[in-house]
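Colleague:
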Amino acid sequence: MTVKKFDEKVSLLENRKINGKYYKMIFSSAMLSKNVRPGQFLQVRINEGQDPYLRRPFSYYRVMGQRIEVLYEVLGYGTQVLCQKKKGEVLKVMGPLGKGFSGAIGKKKRILVAGGVGVPPLVFLAEKYSTDYLLIGTKSKAELLPKSELKKVRAKVLCSTEDGSYGTEGRVTLLLEKILKDRHPEEFFIQTCGPKPMMEAVIALACKYGVEGEASWDESMACGVGACLGCMVKTKTGLKRACADGPVFSFEDLDL
Amino acid sequence: MKIDLTTRIKTLTLKNPITVASGTFGTTDEYAGYVDYKKLGAIITKTITVKPRAGNPMPRICETAAGMLNAIGLQNKGLEDFLEHKIPYFKKLGVPLIVSIAGETTEEFAKLAKAFEGQRDVVNALEINLSCPNVEAGGVNFMKKQERILEAVKAVHDGTRLLTFAKLSPELGDVLAIAEQILKQGVDGLSVINTLRGMAVNIGSRRSKLAKDFGGLSGPAIKPVALRYVYQVKKEFQVPVIASGGISSVKDALEFLIVGADLLAVGTANFVEPAATREILNGIEAFCRRERLKSLDELRGSYKPAEEKGSGCKS
């Protein structure tokens, strides 16, 4: 039995800059908001026609009823075009795609380690499942998510900035190591999403302390559904498609 | 009024001319949630090689103006896996199947032909990939030697009673000259065109945006080139042609039909619009209705060349 998948035209309810780093777009869809797991993503066709040509993947930030929120950074041409879109403009969107983060982790304490575009899906995860720590690393205070966006997160939120303008000065792994040190590794489960060097450092620490976890490991994508084999990830059980087999993989499975 | 979209290629009768270009439609059911596969005239598989291939390192894809570059490198699980795990899916599906094959040697091409000869209840035709630009041993570089291309084509043709199509790219050299040689080996038709080699540079790092220096350019950017070759090949040889190269809209599809294409393989457009094949098919029907055409054959090959005003190129 083939599972029907969704590609819908949605109308933007909101699309605005919320701080120095992030834009937030909001739209509503009955189909795209069904059974969404944090870590899953949407494939957005920014313009009809050929400019830009390919769709762009965005992770879900928040789903409330049929209302879907997406936080994004302007990082390239596609997002430059997207951020100009006004309320009422229409986008074609596929979703929910990929495999998300594990919700149930037994009795372990959940530690989320986020950076950059990895912050939105982990805030979503922290809002949906009981979480002990949400660690957020940025370059400076200006890039931190506004406090109002974190008010539904019940976890302990700790921030680090590389320039020391907010929270602990340095990399987010400093915060992580402080938590892991001198504790029993079986107590914790780490879930991480962000720039690859950050995730690599997180996985190295997890390895050092023997803690299990998951990382959202993506590559440039074309189709988003597992057809083109453009976004392969090396795992211990062979090459896997970030879009369809991931983007979330266990630390154990990733072959870095 | 029902429009007759039936497309006949020698012994093969398809309910319509719409298919999907090799490598752009997954391995089995990746698009089944978006498109009813049974509505397609045929399915062309991702290229199968004798041995499994891991493909190229990342990044393998990069967007360009109206298209993309890819350097996937023919990643596939090999012949054995295909026969064991993929063929049963297509057998159950019952949609005409064209298997794309590539070998690193003539012997491998022969082996593939023989293997699919044994699957004639599921497989209807073979598309011989002579021009995947990303494989050092089996692609353009090896294949540039025309002799070996001809040997490979002959080996496939001799090894099976299935219909055979040779897939060409302008990367092989003079397309018409090569097509002529290839047709002499007895293949049933041509598949025109594969991707064109291109390049994209990251201006910061001064490195390629792909893990390889070059990749295959596909998408609307190459459509005019593809259209021209389909027209020329059709005019010159009057053999069955599977057209591919940037077909993304119903207008594109109609242009290819007008210059004589038999099958239309929608490729990169699937990545952008999973329902592209369905939209194109519906659009062709609507066009025929509007133009009061009873069958596609009234449209196919109806192009009026500039030099012969008003006469058409239909053979």
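Protein chains in written order, with our numbering: chain A, 5 to 260; chain B, 200 to 514. Cβ coordinates follow ideal geometry from the N, Cα and C atoms, glycine included.
Quick one: what's got a C-beta closer than 6 Å to Ser254/A's C-beta in the same chain, skipping five residues either side?
Modeller: Glu218
Colleague: Helix, strand or coil: how does DSSP classify Gly415/B here?
Modeller: strand
Colleague: Whose CA, out of Leu211/B, Ala351/B, Ala399/B, lies closest to the CA of Gln380/B?
Modeller: Ala351/B
Colleague: When you compare the CB positions of Val465/B and Ile217/B, do they come within less than 8 Å of one another, or not?
Modeller: yes
Colleague: Spatial neighbours of Tyr288/B within its chain, please: C-beta separation below 6 Å, excluding the five flanking residues on both sides.
Modeller: Answer for Tyr288/B: Thr227, listed in chain order.
Colleague: Helix, strand or coil: how does DSSP classify Arg66/A here?
Modeller: strand
Colleague: State buried or exposed for Val400/B, treating a residue as buried only when at least 16 other CB atoms are found within 10 Å of its CB.
Modeller: By the 10 Å Cβ count, Val400/B comes out exposed.
Colleague: Tell me whether Val294/B sits in a helix, a strand or coil according to DSSP, three-state version.
Modeller: Correct three-state label for Val294/B: coil.
Colleague: Say whether chain A places a C-beta atom closer than 8 Å to the C-beta of Pro419/B.
Modeller: Under the 8 Å criterion on CB atoms, Pro419/B is classed as interfacial with respect to chain A.
Colleague: Which residue from Val127/A, Met29/A, Leu162/A, Gly24/A puts its Cα closest to that of Glu153/A?
Modeller: Distances from the alpha-carbon of Glu153/A to those of Val127/A, Met29/A, Leu162/A, Gly24/A put Val127/A closest.
Colleague: Which chain A residues sit within Cβ distance under 7 Å of Val424/B?
Modeller: Correct list: empty, because the minimum Cβ distance to chain A is about 16 Å.
Colleague: Determine which residues share a DSSP beta bridge with Ala442/B and list them.
Modeller: Val391/B, Leu463/B
Colleague: Roughly how many angstroms lie between the CA atoms of Glu327/B and Thr212/B, to the nearest whole one?
Modeller: Note that residue 327/B corresponds to Ile in the displayed sequence, not to Glu. Cα to Cα, the separation comes out at about 20 Å.
Colleague: Within the same chain, show all residues whose beta-carbon is closer than 6 Å to that of Leu204/B, passing over the 5 residues directly before and after it, in chain order.
Modeller: Asn215, Leu495
Colleague: Starting from the C-beta of Gly482/B, find all residues in its chain whose C-beta is less than 6 Å away, skip the five residues before and the five after it, and write them out in chain order.
Modeller: Val449
Colleague: Spatial neighbours of Met98/A within its chain, please: C-beta separation below 6 Å, excluding the five flanking residues on both sides.
Modeller: Asp11, Gln47
Colleague: Looking at Ala425/B and Gly397/B, is the spacing between their C-beta atoms short of 8 Å?
Modeller: no
Colleague: At what residue ranges does the region 162-219 of chain A contain a whole run of the alpha helix (DSSP H), taking only runs of 4 or more?
Modeller: 176-184, 200-213
Colleague: From Glu147/A, Val161/A, Ile30/A, pick the residue whose C-alpha is nearest to that of Asn23/A; which is it?
Modeller: With distances taken between Cα atoms, Asn23/A lies closest to Glu147/A.
Colleague: Could you check which residue in Ser417/B, Gly240/B, Leu463/B, Ala231/B has the C-alpha nearest to that of Asn323/B?
Modeller: Gly240/B
Colleague: Quick check on this structure: which residue in Phe62/A, Arg41/A, Met68/A has the alpha carbon closest to the alpha carbon of Ser32/A?
Modeller: Met68/A
Colleague: How close, in whole Å, do the beta carbons of Ala378/B and Leu395/B come, if the pair is a contact with beta carbons under 8 Å?
Modeller: Actually they are not in contact, since the Cβ atoms of Ala378/B and Leu395/B sit about 17 Å apart, beyond 8 Å.
Colleague: What residues from chain A crowd round Met200/B, counting only those whose CB sits closer than 7 Å?
Modeller: Going along chain A, no residue has its Cβ under 7 Å from Met200/B, so there is no contact; the nearest lies around 30 Å.
Colleague: Starting from Lys9/A, find everything on chain B with Cβ-Cβ shorter than 9 Å and list it in chain order.
Modeller: Chain B residues near Lys9/A: Tyr230, Ala231, Gly232, Tyr233, Pro473.
Colleague: Check this for me: beta carbons of Gly120/A and Gly174/A, under 8 Å apart or not?
Modeller: no
Colleague: Using the beta-carbon of each residue, which ones in chain A are nearer than 9 Å to Gly293/B?
Modeller: The premise fails here: Gly293/B is roughly 14 Å from chain A at the closest Cβ pair, so nothing lies under 9 Å.
Colleague: Spell out whether any CB of chain A is found under 8 Å from the CB atom of Asn401/B.
Modeller: no
Colleague: Using 8 Å as the limit for Cβ to Cβ distance, is Arg259/B near chain A?
Modeller: yes
Colleague: Can Val117/A and Ile194/A be called in contact, C-beta distance under 8 Å?
Modeller: yes
Colleague: If the cut is a Cβ gap below 8 Å, which residues of chain A does Gly254/B touch?
Modeller: Leu233, Met236, Leu243
Colleague: Thr177/A and Leu209/A: beta carbons closer than 8 Å?
Modeller: Cβ atoms of Thr177/A and Leu209/A: closer than 8 Å.
Colleague: Residues of chain B with CB closer than 9 Å to the CB of Glu256/A, please, in chain order.
Modeller: Residues of chain B passing the Cβ test: none, with the nearest at roughly 21 Å.
Colleague: Quick one, which residues of the region 214-234 of chain A are near chain B if we go by CB-CB under 9 Å, in chain order?
Modeller: Result list: Glu223, Ser224, Met225, Ala226, Cys227, Gly228, Val229, Gly230, Ala231, Cys232, Leu233, Gly234.
Colleague: Report the rounded CA-to-CA distance for Ile72/A versus Phe62/A, giving the unit in angstroms.
Modeller: 12 Å
Colleague: In chain order, what residues of the region 43-55 of chain A put their CB closer than 8 Å to some CB of chain B?
Modeller: Cβ contacts with chain B come from Arg49, Gln54, Asp55.
Colleague: Would a check of beta-carbon distances place Tyr324/A closer than 8 Å to chain B?
Modeller: The displayed coordinates of chain A run from 5 to 260. Any statement about residue 324/A would go beyond what the structure contains.
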